[in-house]
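A.B. asks: When we follow numbering that gives the first Met the number 0, the leftmost residue of the sequence shown carries the number 0, and every step to the right adds one.
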Amino acid sequence: MPRIIVLPHEELCPGGAVIEAKTGESICDNLLQNGVEIEHACEKSCACTTCHVVVRQGFETLAPSEENEDDLLDKAWGLEPNSRLSCQAIVKDSDLTIEIPKYTINMVKEIK
């Protein structure tokens with residue numbers, strides 16, 4: 000079973016985490032199922048950038064991103080060459096190390 004190593008994030012995962020990941024599921028779903036409450040304002044429909052992660056190791060094992068994801072990633076805060084939307088990146092049989100950026104741009108947030 001592959002692992003997702005989550006680097007420490009001040010709010011979401013202060014001590015970091017090592018997760019036994021389910022293959023065939025998104026990075027986002029694996030994080031949520033294991034108590035890492037990554038934001039996903041569009042309910043994982045590839046319509047925002049709040050679930051943006053940087054894949055520090057294992058990026059090459061993920062299927063290539065599609066055009067819609069690439070267009071959204073262009074708007075993500077802290078974009079790097081190995082950035083992905085965690086709702087779109089499907090875990091395969093390889094370990095991944097991810098970093099959740101400190102900030103997100105939530106373009107779907109409700110105005111109260």
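For every residue, glycine included, the Cβ atom is placed at its ideal position computed from N, Cα and C.
Within 10 angstroms of its Cβ, does Val-17 collect 16 or more other Cβ (buried), or is it exposed?
C.D. replies: Position 18 of the sequence shown, counting from 1, holds the residue named residue 17. Val-17 comes out exposed.
A.B. asks: Beta-carbon separation of Pro-7 and Ala-20 under 8 Å?
C.D. replies: The residue you call residue 7 lines up with position 8 of the sequence shown. The residue you call residue 20 lines up with position 21 of the sequence shown. Not closer than 8 Å, so no.
A.B. asks: Provide the residue span of the beta strand (DSSP E) that contains Ile-97, from first to last.
C.D. replies: To locate residue 97, count along the sequence shown from 1; it is residue 98. Ile-97 -> beta strand (DSSP E) spans 95 to 98.
A.B. asks: Using the DSSP secondary-structure output, state which residues sit across from Gly-51 in a beta bridge.
C.D. replies: Residue numbering aside, residue 51 sits at position 52 when the sequence shown is read from its first letter. Checking the sequence, you will find His at residue 51 rather than Gly. Residue pairing by DSSP places His-51 opposite Leu-84 in a beta bridge.
A.B. asks: DSSP three-state call for Glu-24: helix, strand or coil?
C.D. replies: Residue 24 sits at position 25 when you count from the first residue of the sequence shown. Of the three classes helix, strand and coil, the one that applies to Glu-24 here is coil, per DSSP.
A.B. asks: Taking the alpha-carbon positions, what's the Lys-43 to Gly-23 distance?
C.D. replies: Counting from 1 along the sequence shown, the entry for residue 43 is found at position 44. Counting from 1 along the sequence shown, the entry for residue 23 is found at position 24. Distance between the alpha carbons of Lys-43 and Gly-23 is about 15 Å.
A.B. asks: So, under 8 Å CB-CB, His-39 and Ser-82 are touching, yes? Tell me the CB distance rounded to an integer number of Å.
C.D. replies: If you number the sequence shown from 1, residue 39 lands on position 40. If you number the sequence shown from 1, residue 82 lands on position 83. Not confirmed; about 16 Å, so no contact.
A.B. asks: Flag this pair as yes or no: are the beta carbons of Glu-68 and Leu-78 separated by less than 8 Å?
C.D. replies: Against the sequence shown, residue 68 aligns to sequence position 69. Against the sequence shown, residue 78 aligns to sequence position 79. It is not a contact, given that the beta carbons lie outside the stated cut-off.
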